[in-house]
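Protein chains in written order, with the numbering used here: chain R, 511 to 1082; chain B, 31 to 99; chain E, 569 to 765. Even glycine gets a Cβ: it sits at the ideal position worked out from N, Cα and C. All of these numbers come straight from a predicted model, not from anything done at the bench. Please read the structure below before turning to the comments.
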Amino acid sequence: MSSQPTVEHGHEEHGHEHHHEPAFIEKYIFPLDHKYIAMQYLLTGMFMAVFGGFFVYAFRLQLAFPGISVPLYGTVSPTEYNALVTNHGSVMIFWVAMPVLIAAFGNFLIPLMIGADDMVFPKLNRLSYQIFLASVVVLIVSWLVPGGGFGGAWTAYPPLSAKAQYSLTPLGSTLWLVAVALEFVAFLIGGINFITTAMNSRAPGMGAKDVPMVVWMICIASIMFMASVGPLIAGAVMLLFDQNLGTGFFDPDKGGDPILWQHLFWFFGHPEVYVVLLPATGIVAEIITVFSRKKLFGYQTILYTAIATGVLSFFVWAHHQFVAGIDPRMANVFTITTVLISIPIAEMMFLYIATLYGGSIRFTTPMLWALSFIAEFLIGGVTGIWLGASGMDIYFHDTYFVIAHFHYTFFPIAFIGTFAALSFWFPKMFGRMMDETLGKIHFWGTIIALNFIFIPLFVLGAAGQHRRIYNYNHYPELSTPDLQSLRVLATVSLLVLIAFQFVFLFNFFWSMFRGEKAPANPWRSTTLEWTTPSPPGHGNWSPNDMPRVYRGPYEYSVPGRDEDYWPQNQPS
Amino acid sequence: MGRLVRSWIVAAVCLCPTPALACAVCFDATDENRRAFLDTTIFLTVLPLVLIFGGGYWIYRQTTAPVPG
Amino acid sequence: MATDPNLRLVHPPPRQLRRAVPDQVLGVMIFILTEIMLFAGFISAFAIARSSNDAWPPPNQPLLPVQETALNTLALLLSGAVLSYAGRRFASDPRAALRPMIVSMLLGAFFVVFQGVEWVSLLSDGLGLTTSTHASFFYVIVGAHALHALGGLGVLVALVAWLRAGTLTADGFWAARLFWYFVVLLWPVLYWQVYLR
Ligand code: HEM
Ligand SMILES: [Cu+2]
């Protein structure tokens, strides 16, 4: 952001208070502009990812080499191990995937892609980030208080999470819960903004079918988030009372019910996984059309599959509780719905593959990420169906098979999706290109290491390795040399994966200041965000030159035209 | 028998399993408690969908309604 | 959004988007969706706790004031009805909405104060937060609603101030009314679930 290309505003005579270039503090510290709020979310999310990565580094080394003194950390005690695992999971889901995929890209892309000058409620948008930042602060404080960070797993099942004498982290658990609650409030405010903006501020001419897929996906995801988070907030309030005020909502001794927490948690928890999935699939849709120069195959069908996924995701959550003593009738129903939900998701993936078919594919870095998303996510989705069969899940539940399953879904979403989006929209965000060679080195290093981490975990899980165990040497059947060597393989691959992230960080910051200057439309794409300068100025377009939309977002290789792309805003 | 009929029968049979008491997973507190979980499951699942689609339909009607005045 | 007055007519001519529902109203609708789900979570939890306890409410604790609260429920419903009337008056003559708005606000305030008095007497009768799960649920659920009612009252006060200053817009009023309707209509459901069952 060192150089702001001069942007033609041509609005002086308007005296439109909304459109003047704000001063430094207003612009970078308390911005109202959606693009700067997006940057804040992005950088905060990346900052948190460093913590999430450091935690997994520490506890994986403990698992591979029990009892070693981890470089930069020291020995990992059992309580610390629990806190590391818990906070790794919570940070990656709530403070990396959500802020980066939904908040950062939602904020950056929605107004630009629908041709609006900003969000409809810019002040709420700023408030949303500030609450999010407060949640970050509370979370970090929770790691530093006496007793250390919360160690009751990211799912926070009571009684472990409710009673200080079990979790041994009275302050840590409460602060963790408060941080999660604040984070939800931040995304509620953000989501209201996204949906309202996408409904009401679209450029003239932009009908429902002219909206780029990623905008649809972020909106559907936001609606799902809004509709599913309420019961969890209710549960969180009750848990907070149980922790601090002596109530017994989840305590059978006092007439409560610990399963009730799981009920409320997973009612949110499962829709949540699709909340993060959908934006990532939207990002992939944008990228594969641009780099195969083809129209998105089955735009409407993809939209319907996303809606079907959204609807069904409210019907499947008890598949996390097959072993919790739920009614077997319920288990059967949820097995059926869980298998059903893979139909729309699979269909969406097939439509993406059909989009690629016969296209002129260019393997740029964003495209490599997008393609690898499809490949890796498919592994996660397919193993999800196995877990959804309640009979099989009785064996697999709480083994490393589940861990491998959800990392094959979450890693593609949170990291592959983000890297795809960042390398694709980087020119628009920062006005410079990222380095392709470094990008490819980073890509291959990450993807290969990724599979070497999680395929061993599938094998370990199938061999019966239970999760949430501090030291497998205490379990003779699980500490055989061949199982231990798989653990070492996974851990070493993790170190490789982390090492390659430094390539990314270097590329990111170096390109931000030193990269090649980006033209307005480097990928020759059709959607509206590429019709503004890179990076766009305040207000995105000059007020008397706001874009108008004449056609759908994926008009590539239209026969009879000179150019192989036909931007949405060109009259003819 | 038609395929559809057969699959419905299978589905119906799935809905009435007998709990195997030796199985840790099949245990549940009381019938009433079971019912409560089932009922609230249905309630929590259906309510957001009704709200979303109801609201969506209302907004759709607003968009297509003739401009007043 | 800025519009270009010299729109070049081309084929197909882009139409200005029609805002079917004003921004604020849409925002509040989405917010209410979350709020309804929040209370759905509380009610579900309450129903599950009820099902796993034999005696509900536990026999050895003070009874909830069922009749008095029925009266209070009427006051709150009336407040919503009066606000709806204010909304209709506002459309023709904004000034005429002032009096029904104040009446609605006072009725709402009556509800909150009445609830507060009830809580004080329950507490002094020995029904504490941790007396039983039933009591815990009572205080959490009714307290959550009371917080919403207080928030709604704050909005009503602000509405009156804006109306006097002449800055109240029809859209803003519509959005605020929606929120108050939510607070009002939620209460009978909670009353039925918490007091009557
Ligand atoms: C076709 C789609 C999917 C199916 C059928 C599926 C099925 C399942 C099932 C049955 C489980 C429970 C396993 C157990 O605990 O015993 C599970 C766990 C999990 N899944 Fe999936 N899943 C799918 C997609 C996803 C996606 C897209 C994500 C993430 C974005 C995801 C994240 C998770 C997580 C985080 C867990 C474990 C939670 C925990 O216990 O800590 N899944 N999945
Ligand atoms: Cu799930």
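Which chain E residues are close to residue i, counting only those with a beta carbon under 8 Å from its beta carbon?
i        : result
B/Thr60  : Ser619, Ser620
B/Leu77  : Ile604, Met605, Ala608
B/Arg33  : Ordered by position in chain E, no residue passes the 8 Å Cβ test against B/Arg33, which lies about 37 Å from the chain.
R/Phe631 : Asp591, Gly595
R/Ile817 : Those within 8 Å of R/Ile817 in chain E number zero; the least Cβ separation is about 16 Å.
My assumption, with CB atoms under 8 Å, is that residue i sits in contact with residue j. Please give the rounded CB distance.
i         : j         : result
R/Gly820  : R/Phe775  : Contact doesn't hold; Cβ gap of about 19 Å is too wide.
R/Met902  : R/Ser1021 : 46 Å between Cβ atoms; not a contact.
E/Ser692  : E/Leu724  : The pair is not a contact, with the Cβ atoms about 30 Å apart (cut-off 8 Å).
R/Thr1037 : R/Met623  : 6 Å
R/Phe824  : R/Pro781  : 6 Å
B/Leu81   : E/Ile604  : 6 Å
E/Val762  : E/Phe614  : 7 Å
E/Thr701  : R/Gly577  : Actually they do not touch by this definition, with Cβ atoms about 44 Å apart.
Against chain B, with Cβ distances strictly below 8 Å, would residue i count as a contact?
i        : result
E/Leu764 : no
R/Phe777 : yes
E/Ala615 : yes
E/Val589 : yes
R/Val998 : no
R/Phe906 : no
E/Leu575 : Because the pLDDT at E/Leu575 is just 38, under 50, the model does not fix this residue reliably, and the value given afterwards should be weighed accordingly. Chain B contact via Cβ: absent.
E/Ser612 : yes
Comparing the C-beta of residue i with each C-beta of chain R, is any distance below 8 Å?
i        : result
B/Phe73  : no
E/Leu736 : no
E/Ser704 : yes
Would you say residue i lies against chain E (beta-carbon separation less than 8 Å)?
i         : result
R/Phe920  : no
B/Phe83   : no
B/Ala52   : Any reading at B/Ala52 must be qualified, since the residue scores a pLDDT of 49, below 50, and its modelled position is unreliable; no value is offered.
R/Ser512  : Any reading at R/Ser512 must be qualified, since the residue scores a pLDDT of 37, below 50, and its modelled position is unreliable; the value itself is stated next. Chain E contact via Cβ: absent.
B/Val55   : Caution is warranted here: a pLDDT of 46 is assigned to B/Val55, below 50, making its placement in the model unreliable, and the coordinate value is therefore given only provisionally. No, because no Cβ of chain E sits closer than 8 Å to the Cβ of B/Val55.
R/Gly1070 : no
R/Asn710  : yes
R/Met748  : yes
B/Ile39   : no
R/Ala744  : yes
R/Thr893  : no
Along chain R, in chain order, which residues have C-beta atoms closer than 7 Å to that of residue i?
i        : result
B/Leu68  : Asp837, Met840
B/Arg64  : Asp837
E/Leu601 : Met736, Ala737
E/Thr701 : Gly758, Phe759, Lys764, Gly765, Gly766
How would you call residue i, buried or exposed, if buried means at least 16 neighbouring beta carbons within 10 angstroms?
i         : result
R/His984  : exposed
R/Gly662  : buried
R/Pro581  : exposed
E/Gly655  : buried
R/Asp1072 : exposed
B/Cys46   : exposed
R/Pro1081 : exposed
R/Asp763  : exposed
R/Asp628  : buried
R/Ser1044 : buried
R/Gly1047 : buried
R/Asn1050 : buried
E/Trp760  : exposed
Tell me, please, which residues DSSP counts as bridged to residue i.
i         : result
R/Val580  : R/Gly584
R/His544  : Paired residues: none, contrary to the question.
R/Pro909  : Here the sequence assigns Thr to residue 909 of chain R, which means Pro is not the residue at that position. R/Thr909 is bridged to R/His976.
R/Arg872  : None, per the DSSP bridge assignment.
R/Lys1027 : R/Arg942
R/Tyr1066 : R/Tyr1075
Which bits of chain R does residue i rub up against, with CB to CB less than 8 Å?
i        : result
E/Val710 : The premise fails here: E/Val710 is roughly 13 Å from chain R at the closest Cβ pair, so nothing lies under 8 Å.
B/Arg18  : Lying outside 31 to 99, the shown extent of chain B, residue 18 of chain B is not represented and no answer is given.
Which residues of chain D have a Cβ atom closer than 8 Å to the Cβ of residue i, listed in chain order?
i        : result
R/Ser738 : Among the protein chains of the structure shown, namely R, B and E, there is no chain D.
Please list, in chain order, the chain B residues whose beta carbon lies closer than 9 Å to that of residue i.
i        : result
R/His829 : The premise fails here: R/His829 is roughly 12 Å from chain B at the closest Cβ pair, so nothing lies under 9 Å.
Chain R partners of residue i, CB-CB under 9 Å?
i        : result
E/Leu697 : Phe751, Leu755, Gly756, Thr757
Which residues in chain B have a C-beta closer than 7 Å to the C-beta of residue i? List them in chain order.
i        : result
R/Phe824 : Thr75, Pro78, Leu79
R/Pro741 : Leu74
Which residues in chain E sit within 9 Å of residue i, going by Cβ to Cβ distance?
i        : result
R/Leu619 : Correct list: empty, because the minimum Cβ distance to chain E is about 17 Å.
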